[in-house]
Structure formats: structure tokens, C-alpha cells
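Chains A and B, in that order, give the protein sequences. Going by UniProt numbering, the letters in the first sequence line up with residues 1 to 388, in that order. Going by UniProt numbering, the letters in the second sequence line up with residues 1 to 388, in that order. Note that beta-carbon positions come from the ideal geometry of N, C-alpha and C, so glycine has one too. Keep in mind it's a predicted model, so treat the numbers as computed, not measured. Everything below concerns the one structure shown next.
There are 2 protein chains.
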Amino acid sequence: MFRNLKGTLYTFAKRNSEGIFCGVAGTGLLTVYAVNKDNFSPDKKPHHAFSLFSSSSSDIDLSDCLTNTITDENELRANSSQMKNRMEAFITNLQGKIIKKLQSFEPETKFKVDRWLRKEGGGGITCIIEDGQVFERGAVNISVVSGMLPKAAVNEMRARGKTSIPAGKDLPFFACGISSVIHPRNPYVPTVHFNYRYFELEVAPNKFEWWFGGGTDLTPYYLDENDVKHFHSELKKACDKNDKSYYLKFKKWCDEYFVISHRNECRGVGGIFFDDLDKPDQDKVFEFVKSCGNSVLPSYIPLIEKNKDKGYGYKEREWQLLRRGRYVEFNLVYDRGTKFGLLTPGSRIESILVSLPQTAKWTYKHEPEVGSEEHKLFQVLKNPKDWL
Amino acid sequence: MFRNLKGTLYTFAKRNSEGIFCGVAGTGLLTVYAVNKDNFSPDKKPHHAFSLFSSSSSDIDLSDCLTNTITDENELRANSSQMKNRMEAFITNLQGKIIKKLQSFEPETKFKVDRWLRKEGGGGITCIIEDGQVFERGAVNISVVSGMLPKAAVNEMRARGKTSIPAGKDLPFFACGISSVIHPRNPYVPTVHFNYRYFELEVAPNKFEWWFGGGTDLTPYYLDENDVKHFHSELKKACDKNDKSYYLKFKKWCDEYFVISHRNECRGVGGIFFDDLDKPDQDKVFEFVKSCGNSVLPSYIPLIEKNKDKGYGYKEREWQLLRRGRYVEFNLVYDRGTKFGLLTPGSRIESILVSLPQTAKWTYKHEPEVGSEEHKLFQVLKNPKDWL
Chain A
1 MFRNLKGTLY TFAKRNSEGI FCGVAGTGLL TVYAVNKDNF SPDKKPHHAF SLFSSSSSDI
61 DLSDCLTNTI TDENELRANS SQMKNRMEAF ITNLQGKIIK KLQSFEPETK FKVDRWLRKE
121 GGGGITCIIE DGQVFERGAV NISVVSGMLP KAAVNEMRAR GKTSIPAGKD LPFFACGISS
181 VIHPRNPYVP TVHFNYRYFE LEVAPNKFEW WFGGGTDLTP YYLDENDVKH FHSELKKACD
241 KNDKSYYLKF KKWCDEYFVI SHRNECRGVG GIFFDDLDKP DQDKVFEFVK SCGNSVLPSY
301 IPLIEKNKDK GYGYKEREWQ LLRRGRYVEF NLVYDRGTKF GLLTPGSRIE SILVSLPQTA
361 KWTYKHEPEV GSEEHKLFQV LKNPKDWL
Chain B
1 MFRNLKGTLY TFAKRNSEGI FCGVAGTGLL TVYAVNKDNF SPDKKPHHAF SLFSSSSSDI
61 DLSDCLTNTI TDENELRANS SQMKNRMEAF ITNLQGKIIK KLQSFEPETK FKVDRWLRKE
121 GGGGITCIIE DGQVFERGAV NISVVSGMLP KAAVNEMRAR GKTSIPAGKD LPFFACGISS
181 VIHPRNPYVP TVHFNYRYFE LEVAPNKFEW WFGGGTDLTP YYLDENDVKH FHSELKKACD
241 KNDKSYYLKF KKWCDEYFVI SHRNECRGVG GIFFDDLDKP DQDKVFEFVK SCGNSVLPSY
301 IPLIEKNKDK GYGYKEREWQ LLRRGRYVEF NLVYDRGTKF GLLTPGSRIE SILVSLPQTA
361 KWTYKHEPEV GSEEHKLFQV LKNPKDWL
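What follows is the structure, encoded as C-alpha cells:
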């Protein structure tokens, strides 16, 4: 363990000179290490040891990472101008930052950290908590994969409008992303989901098509309009910083995507969602994605703090479990990421299915009583509205 | 109401002269009426009131029905040589027979009987119990639908090998079936599923393609080899009566169909499953389907009787709920019937999703301890075996 500290020290010294992440990152890191010993990453190698000597004009900040990165850290730093490395570093660090914040609500139950590698290349880091006081089940995962994309999938991408992709052959790809679902125990704390991802396809030698996708959305069990407004306004801030047209566009996209079609109702009260984003340019889209990723904590944490200790009873719990049944229906029947994962041979099923709640229920023809608090939510799920 | 009675009288008078089912139908009928008054079907018209006087050369036996049939009973009887009517009568009566038997285990909780009609034609009868002493959630449904099958679906049938179906146009179809999932409360009582269905497609004016499909399969939470053997041997008896080659063939088909592919494990310990069965001829296949339908009670009821009062604790209940999570995964991700239903506009979602358990759980990377009773089952799910 002390070997690690030394490496860490050097890294921070270097970063310090850039004067950007010093205080926060430094503090964060020491905290990690203190926490690491027991909880987080027994397998973390002293990967920062030589970064003192590396150049880094880049935004590679790994100060909050929970384990070794999936791609070797030296490689990430050495090629820190490549978007795939910048995005991997961003999501790995964001994962750490979010886990640490969530962990602070749970003095007794620790997040499990599973770093896994695929034999075909790449891997992921799955962080999951179960049976916590505040979080009944929740996970924040990253994955980093590369390989050959089968031509069937290539053609599907073409069909989606990416006509510059050559049809009819397998192509090398790279994909990385962070994705998370948090199912709190208290029915007054909403479930949150977010996912930010980057995709790269080598359409000709050294010629790449790339795009980003992602979103953050909220699934309350009871409607507190102030909470929903706070959540949406943080997302809007993240959007507005980058493009004033984004929030409305991506809010609508979110409302249209998270629909349980067979029930003709939305999964929750929305948020933002986008895909195939490749304009105006790579740096600007990445900046936008970083704004979104960084808005997760400010948009959601206040909702936990405000509601986690509210009293509730059998009725509220039952309603929460029924709505979690709907969550399962959406994720298994409609969610493109889940379906793609389940149908991809060799994917890590346990990491994909951490999006499911710990417990879900189904009741025949359940309809909330008109005028009840449950019905108030139900109405909004049937008719998505503007929150801001 | 009385207008119907008159029609019924005439119909029955006609059939009576053919003298086959008179006594049985009559006896069965009186029983139904005794039960009906309190539990089953407040909306049942007194359609059998005069069956003592009816003729019946056909196998239209409606003595156990819980409500009015979906297709008017007069129509069923008047055209009792048509397979669609014979099958509708069979499944409607079988539903009643099974519900009455299951109801006998539940003195306090009654099956709900929902008869529903589609505006496009046809409808169904959904019978469901929830929160029973023996059955946590269970349903036996029938549905009878007809209309135009969109050419996309027609083409899919062609692709499945039915090359006599003309491509490229919508075709009139008729489909009816019975389907059921019973999730008992006690983890020592297995879940059972069965489904028998008939499909008819009018490929040219008055020229029909038809086939039957179906199966019965068992999903235990703990492995009692004697129970599984009993279950399979009853199915084998039903098969053998009709064709000695059926059991092995359809047992294999079942093992191959009920696979949770992403977990590389079977849903349960199998049973039989078949589809597109149209040989040797319509009567013989119908006889086989009837044998199968009639084997549901003798194959399953003894397992309820033997295990329903066994003691169990938290560990057994938790394992049952985890396995129910797997059941949800199979049904929502793979089951063709469920998927087809969910994606068909206007289908009755609540009737489709009664196959889901009342409660299901998910736990990250749960693996039963080697040597445990849970592990014993798990091994069999990983490697389906021959039971007889």
C-alpha cells in the first residue's frame, strides 16, 4: 500500500503544477486510499508511479479512480490527445467521484468494486451496492471495449443515417461508457439512471467515424414537483453551457425514449437523452458530455438528502415495488443497451443486469385510486410535461 | 337473457338426437352452477339450462366453462365440425376444469374471472388468483382472436417453412389458445406453465393452412427427482397415446426452447414443447393436443398436494424469489408469445403479463453454494437431463 502512496504523491505533484485539480483531487485521492484498504480496490497497482515524467497538456485526470484503468494508464497518458483515451479517463474518474459520494451515505454497507477484463480486449469496472440503508440496489459501471463490429451491426448503423460508413464489411470499433442505475430504499427518493458513451468506428485505415450518446433521467415513486424541477434545471444548466438548443431537444428525446409502449406510459419524469451526436466538433461534444456527466451529482444528491429519512409504510413500499416491476419491463423489453448486451455473446451479464431493482412486484390490473398521491404520479407518466 | 335461452333450446334439441355427451355434460353442468353463484362468473348466462335435451355428435363439451364462451355458444355448436370451434370449446372447458381444481386448494381467496372482448373481434377469459394461501399468483387464460394478419407476419411464417402460404399480402387468420402459469407460495411446489394453441390462416378463399402448438413445463425451486419423474411420465403418457415418437422429440424441443440464453441455463426441468404441428391429420393432432391439455391436472396436482404444507424459511424464500427473477428474464426477453403480445397494438397487456410472478428479486453474482440443495437444482438447469 505504501508503494502506492509514493506514486500517488508524484502524480499529484505534477498535477499540482498545472494548478487545476490539486486540492480536490489530492484530497479525494488520499481519501480513496484510506478507503481502498478495506473497501475499494485491493488490486490497484501503483499506476501513477511514472506520470511525473510524462507530458500532459491533456485533461487526463485519474485522481478519483477506484482501481487501475482498463486501458493501461501509461497508454492513456501517452496518447492523451486521442478522444477514446480522454473519454475513458473521464468516465473512469467520474465513476470514482460518484461512488465516493454515494458511499458517504452508507457507513455500514460498502460498494463492491469488480474490475474485469474481456479476453477479446478491454473490460470494465462494476461498482455495486446492495442492501444498503439508503440504497437498496445501485451500481455505477464503466466499460471499455474494442474489436471488430460484425457487418450486420455496421449495416444497422448505416441504416440509422450514418451513410459515410461503408456497407457490407466488419469494421474495427472502440466503445466506452459509464452507466448507472440507483434504486434507493425509501420510496420518496427517486431512482436515477444515467449513461454516457463514446463510439468510434474505423471506416478506412486511420479514418474514423465517431459519436457520443447518453442521458440522465429520473424515476420517482411519488411526485415532488420541486425535486423534479431541481433535477431538470441542473440538466438544463449543463446543456445551456454548451448549446442553448440542447435542453429542449434532448428533454423531448428522453420523453420519447423512456416509454413503456405496451402500457402507454413513461418510465419516469424524464431528463435528457441523445445519441449519434457528432457536431459541431469532437472537442465541443466532449465538453458537453463532460458537463452532463458532472451534473449527475448536483442534480441527484439533493433529492437523496432531502428525502432519505422520510417516513413511509406498507402502501408506499408496495407502490414502489410495482413501479419497479415497470422498470424491469422497460429495461428487459425496450432498452436498446440492455437488449444489445443480452444478445451479445460474451458480454458480462451481471454488469448489464445491475440496472434491475433488487425487488419488483406485479399485480393484476393495479390502478392507483383517483386523487391519491400514487395517481398524481401516474398522471404525469401518462402525459409527460415541461418542468421548467 | 331469455332470448338466448330460446336459441339454446333449439340448438340442444338438435344435438340431443345424436346422443353422445348428454349425461356427462348434464352432470358437469349442474356442478358449475352450484359453484358459479358465489365464485366464478356472475355474468354467465344460463346457456346450458336445457342441455339435457340437446343433441351432440360433436365433442363440444362446455360443461365446465366459467362464463359464456367468446364465440357465441350457438355458433360453436352449429358449426361443431370446424376445428376452430372444437378447439375453442376444448380450451374454454379445460380452463374451467383446471380453475375449479385449483380453487379447491383456496377456501378463502377466489380466482377473478375477467371475460373481455376485443373491438376487432374475439376476446378472452382471464382467470387469476393473487395472494392465495397456496398460490401466490397464478392464472389460466384463454383467448380467441381473428382478423387480418399483416403481411410482415405472413412472410415470417413463410420463412419458418410454411412455403404454401402466399407471400406479400395480408391474410385472414384465426387463433385460439389456453395458457397458464402458476406460481405457488411454497418454494417446494414448482411453478408450472402450459400453453396449447391452434392457428388458422386463409391462404386462398376457403383454403386454410392450420397448425397446433403448445407444451407444458415445470420450474422447480428445489429438485425432487420423484416429482420431476412423475411430471414427465404423465406427459409421456399423453404423448405415447398418440405417437410413440412424440415424447422424446418434444421433450428435447422443450429443453431447447426454455433457455435463458444470456445466462446459459434452462428456465426449469422441462416438459414438452412443439409448434407448427399439422401432421398426420387435423383430427389426430387435435386428439394429441387434447391428451396434453388433459394431462395438466394429473401431472401437476400431486406435486401441489405433496409439497404445499412443507416448512421453509427465509433462505428458501430468497432462492425462490431469485429464480423468479430468472423467470421474468426469460418471459420478457425470450418468450415468443409474450414478445409478440407486447408488441401487438391493442393486445390485452394485463392478460399477457399474468405469467410474471408476484415478486421477483435480483442479486449481483449470486451463486448457490456447491453441495447445497440450491446448487443441486442449478446443476440440472445447466445440464438438462433425461428423467425417464
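Keeping to the same chain, check which residues put their C-beta closer than 7 Å to that of V203 (chain B); ignore five residues upstream and five downstream. The answer, listed in chain order, is S164, I165, P166, L171, E209.
Please classify F2 (chain A) as buried or exposed, where buried requires at least 16 other C-beta atoms within 10 Å of its C-beta. Bear in mind that the predicted position of F2 (chain A) carries a pLDDT of just 29, short of 50, making it too unreliable to give a figure here.
Chain B beta carbons: is any one of them nearer than 7 Å to that of T67 (chain A)? It does not: the Cβ of T67 (chain A) has no partner Cβ on chain B nearer than 7 Å.
Is the beta carbon of N226 (chain A) less than 7 Å from the beta carbon of K308 (chain A)? The answer is no: Cβ separation not under 7 Å.
Identify which residue in B:N195, B:K84, B:N264 has its Cα closest to the Cα of R336 (chain B). Proximity to R336 (chain B) across B:N195, B:K84, B:N264 peaks at B:N195, based on C-alpha coordinates.
Give me the chain B residues within the contact set of I128 (chain A), using Cβ-Cβ distance strictly less than 7 Å, ordered along the chain. The answer, in chain order, is Y364.
Does the beta carbon of T191 (chain B) sit closer than 7 Å to a beta carbon anywhere in chain A? By this cut-off, T191 (chain B) is not an interface position.
Going by beta carbon distance, what residues of the same chain come within less than 6 Å of residue 421 (chain B), once the five residues before and after it are set aside? Residue 421 (chain B) is absent from the structure shown; chain B starts at 1 and stops at 388.
Indicate the three-state DSSP secondary structure (helix, strand or coil) for Y247 (chain A) in the structure shown. Reduced to three states, the DSSP call for Y247 (chain A) is helix.
Kindly indicate the opening and closing residues of the alpha helix (DSSP H) around P172 (chain B). Run containing P172 (chain B): none in the alpha helix (DSSP H); it sits in the beta strand (DSSP E), 171-184.
Span separating the alpha-carbon of K229 (chain B) from that of S245 (chain B): The alpha-carbon atoms of K229 (chain B) and S245 (chain B) are separated by roughly 18 Å.
Going by the DSSP bridge assignment, what does F199 (chain B) pair with across the sheet? When DSSP reads this structure, F199 (chain B) sits in a beta bridge with B:A175, B:W211.
Of all the options B:E369, B:L248, B:T344, B:H366, which has the alpha carbon lying nearest to the alpha carbon of E120 (chain B)? For the residues B:E369, B:L248, B:T344, B:H366, the minimum Cα distance to E120 (chain B) belongs to B:T344.
State yes or no: is the beta carbon of T71 (chain A) nearer than 7 Å to at least one beta carbon in chain B? Judged by the 7 Å Cβ criterion, T71 (chain A) is not in contact with chain B.
Other residues of its chain near R317 (chain A): CB distance less than 7 Å, five sequence neighbours each side excluded: Cβ neighbours of R317 (chain A) beyond the five flanking positions: P187.
Residues of the stretch 356-380 of chain A whose Cβ lies closer than 8 Å to any Cβ of chain B, in chain order: Going along the stretch 356-380 of chain A in chain order, one finds L356, P357, Q358, T359, A360, K361, W362, T363, Y364, K365 with a Cβ nearer than 8 Å to chain B.
Comparing the C-beta of L149 (chain A) with each C-beta of chain B, is any distance below 7 Å? With its beta carbon at least 7 Å from every one in chain B, L149 (chain A) lies outside the interface.
Who are the Cβ neighbours of Q379 (chain A) in its own chain at under 7 Å, not counting the five residues just before and after it? Same-chain partners within the cutoff: there are none.
Beta strand (DSSP E) segment containing S295 (chain B), residue limits: Note, S295 (chain B): premise wrong, no beta strand (DSSP E); not H, not E.
Beta-carbon of V140 (chain A) versus every beta-carbon of chain B: anything under 7 Å? Contacts with chain B at 7 Å (Cβ-Cβ) do not include V140 (chain A).
Any C-beta of chain B under 7 Å from that of E350 (chain A): Chain B contact via Cβ: present.
Compare the C-alpha of V134 (chain B) against each of B:I182, B:N141, B:I91 and name the closest. Selected option, being the one with the closest Cα: B:I182.
Selection of the stretch 239-268 of chain A by Cβ proximity to chain B, strictly under 7 Å: So the close ones are H262, R263.
Can you find the residues in the same chain that come closer than 7 Å, C-beta to C-beta, to I352 (chain A), ignoring five residues on each side of it along the sequence? Cβ within range, chain order: T338, G341, L342.
State buried or exposed for F53 (chain A), treating a residue as buried only when at least 16 other CB atoms are found within 10 Å of its CB. Because F53 (chain A) carries a pLDDT of 39, less than 50, the predicted location of this residue cannot be relied on, and no value is offered for it.
Could you tell me whether the Cβ of K277 (chain B) comes closer than 7 Å to any Cβ of chain A? It should be noted that the sequence gives Leu, not Lys, for residue 277 (chain B). No, no contact with chain A.
If we ignore side chains and look at the alpha-carbon of each, how far apart do G161 (chain B) and F274 (chain B) end up? About 15 Å.
Could you tell me the boundaries of the alpha helix (DSSP H) in which S233 (chain B) lies? Counting along the chain, S233 (chain B) sits inside the alpha helix (DSSP H) bounded by residues 225-240.
Which residues of chain A have a Cβ atom closer than 8 Å to the Cβ of L332 (chain B), listed in chain order? Those within 8 Å of L332 (chain B) in chain A are V328, E329, L332, V333.
Please report the straight-line C-alpha distance between E367 (chain B) and R326 (chain B), rounded to a whole angstrom. Cα-Cα distance, rounded: 13 Å.
Is the Cβ of A342 (chain B) closer than 7 Å to any Cβ of chain A? Correcting the residue identity first, residue 342 (chain B) is Leu in this sequence and not Ala. Closer than 7 Å to some Cβ of chain A, the Cβ of L342 (chain B) qualifies, so yes.
Go ahead and label E200 (chain B) buried or exposed: buried means 16 or more other beta carbons lie within 10 angstroms of its beta carbon, across all protein chains shown. The residue is buried, with at least 16 neighbouring Cβ atoms inside 10 Å.
Among A:R323, A:V289, A:K236, nearest to K279 (chain A) - alpha-carbon criterion: Comparing C-alpha distances from K279 (chain A) to each of A:R323, A:V289, A:K236 shows the shortest one belongs to A:V289.
Measuring alpha carbon to alpha carbon, tell me which residue in A:P184, A:P190, A:G371, A:K252 is nearest P384 (chain A). With distances taken between Cα atoms, P384 (chain A) lies closest to A:K252.
Assuming residue 425 (chain B) contacts L62 (chain B) (C-beta within less than 8 Å), just tell me the rounded distance between them. Summary: the structure shown does not reach residue 425 (chain B), with chain B confined to residues 1 through 388, and so no result is reported for it.
Taking just the CA atoms, how far does K84 (chain B) sit from L277 (chain B)? Between the alpha carbons of L277 (chain B) and K84 (chain B) lies a distance of about 15 Å.
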